[in-house]
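S.K.: In the numbering used here, the protein residues as written are 1 to 427. The beta carbon of each residue, even a glycine, is placed where N, CA and C say it ideally should be.
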Ligand SMILES: *Cc1c(COP(=O)(O)O)cnc(C)c1O
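#1: So within the segment 332-396, which uninterrupted alpha helix (DSSP H) runs reach at least 4 residues, ignoring any that extend past its ends?
#2: For the alpha helix (DSSP H) containing residue 179, name the first residue and the last one.
#3: Could you tell me if residue 88 is buried or exposed, where buried requires 16 or more neighbouring beta carbons within 10 angstroms of its beta carbon?
#4: Using CA atoms only, rank isn't needed, just tell me which of 136, 363 and 16 is closest to residue 235.
#5: Between the Cα of residue 212 and those of 182, 134, 385 and 195, spot the shortest distance and give me the residue it belongs to.
#6: Quick check for students: name the residue ranges of the alpha helix (DSSP H) that lie wholly in the segment 171-255, counting only runs of 4 or more.
#7: I want to check one thing, is the minimum distance from the CB of residue 25 to the heavy atoms of ligand 1 below 7 Å?
#8: How many Å lie between residue 377 and residue 348 at the Cα?
#9: Which class does residue 434 belong to by DSSP, given the choice of helix, strand or coil?
#10: Cβ of residue 353 within 7 Å of any heavy atom in ligand 1?
#11: Using only the heavy atoms of ligand 1, determine whether one of them is closer than 7 Å to the beta carbon of residue 184.
#12: If you scan the segment 48-129 from start to end, which runs of the beta strand (DSSP E) of 3 or more residues do you find wholly inside it?
#13: Give me whichever residues DSSP pairs with residue 278 in a beta bridge.
#14: Could you tell me the distance, in whole angstroms, from the CA atom of residue 254 to the CA atom of residue 205?
#15: Distance check for residue 396 and residue 238, CA to CA, integer angstroms please.
#16: Can you tell me where the beta strand (DSSP E) holding residue 38 begins and where it ends?
#17: Short of 7 Å in beta carbon distance, which residues of its chain neighbour residue 149, apart from the five on each side in sequence? Order them along the chain.
#18: Residues with a Cβ closer than 5 Å to any heavy atom of ligand 1, in chain order?
#19: Taking 8 Å as the cut-off, decide whether the C-beta atoms of residue 142 and residue 365 are in contact.
#20: In terms of residues, what are the limits of the beta strand (DSSP E) holding residue 137?
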């Protein structure tokens, strides 16, 4: 597969954009390669500037549950654009999308639109601190909540020591206000609350972590998080930026019945345009300006094009057959990949849920951050590169999940399996 034109663009890009990309994982560094420049995308397929075609398993890292360029979404955006791209004043579409989300999430009474998942989580934490009058926050190792300072924190040397910045430029003072606990380890959370019973404003968690590869909650973990936050007067924030409308028309909270105090959303609700949102109980959300004193604003928030794309996407997803169909296709693909691996290269561990899955290059059972880290990223890099050569575009990192969309079909599954077979036969 030729890549001369991609390489030319990458050369130009590196001169004017840090690392040549506008979001680090796109640079293919963690798979030891360089990025392809995409010219267009349709359904389940990406086409690069050299004219190569790929079956896409990233779906823009989550938003594109309907696949690329869904005709109804494209039409909705075009119609909205013809009426103006931004007003700096309220419009009906903002209310419609807010109503649809509030209807789908019993725990969301009111919602505020922002422009990214990062903005949503950053604002939710500010609100939680304001509401509780407390400063500290708990997050989990391996969970991702966007790139605001408070979340770019890694565990300190021991449990309950202050967190450390995971990026230069994040101050030690900010890091000290974030406690990093272990996902699926309720004891680590209990210990934090025992140490700081009156100081923790919120626990933020991806109910199904999908940013260290896919991890599933062990029985009772999320229920116990709900109970312990209530007991200590802290808020529970479900970061459903990925899981919102990805698994069901609603969130993982809809499936589990566990109601968080605040929820953050993004990705699917924007239908491929830049949208995030945070919402929750009346009494908490009424603290947000201008109803309350907690400041948060956005020049392009509730943008009419983005709202139109989100509404069009959710309307299609109201036909629940969509979720069933994608899930069945995912089970088929993962099931057959598993069989293939058992026959040939028995070092992949699979996690799957709904339309998401991860092939971990390890023979351990993967259920927490530590077992995730047992993955051999060099093997993943090789598998990624060889699959790409075969026309299958997997996530360019072992720690990003594969997404299936409603546009994927049996032919994609068959072609992917044949590609995997050829790759594994060469090993
Ligand atoms: C992607 C993601 C974010 C950040 O959203 P951006 O739109 O990239 O800023 C936050 N939380 C989770 C769980 C995510 O997957």
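M.R.: So, from the listed chains and residues:
#1: Taken in chain order, the whole alpha helix (DSSP H) runs of length 4 or more contained in the segment 332-396 are 369-372 and 377-389.
#2: For residue 179, there is no enclosing alpha helix (DSSP H); the enclosing beta strand (DSSP E) has its first and last residue at 178-181.
#3: Note on residue 88: under 16 other CB atoms within 10 angstroms of its CB, so exposed under the neighbour-count rule.
#4: Checked all of 136, 363 and 16; the closest Cα to residue 235 is 136.
#5: Looking at 182, 134, 385 and 195, the one whose alpha-carbon comes closest to that of residue 212 is 182.
#6: Within the segment 171-255, the complete alpha helix (DSSP H) runs of at least 4 residues fall at 172-175, 186-195 and 221-232.
#7: Result no, Cβ not under 7 Å from ligand 1.
#8: Roughly 12 Å separates the two Cα atoms.
#9: A query on residue 434 cannot be resolved here, the shown segment of the chain reaching from 1 to 427 and no further.
#10: Not so, every heavy atom of ligand 1 lies at least 7 Å from the Cβ.
#11: Distance from the C-beta of residue 184 to the nearest heavy atom of ligand 1 is not below 7 Å.
#12: Listed in chain order, the complete beta strand (DSSP E) runs (minimum 3 residues) inside the segment 48-129 are 53-56 and 110-114.
#13: Partner residues in the beta bridge of residue 278, as assigned by DSSP, are 112 and 264.
#14: The straight-line gap from Cα to Cα measures roughly 16 Å.
#15: Each residue's Cα considered, the two are about 26 Å apart.
#16: Residues 38-42.
#17: Excluding its 5 nearest sequence neighbours in each direction, residue 149 has C-beta neighbours in its own chain below 7 Å: 170 and 174, listed in chain order.
#18: So the residues near ligand 1 by this Cβ test are 116, 117, 118, 145, 146, 206, 239, 241, 242 and 266.
#19: Taking 8 Å as the Cβ cut-off, residue 142 and residue 365 do not qualify as a contacting pair.
#20: Per DSSP, residue 137 belongs to the beta strand (DSSP E) from 136-140.
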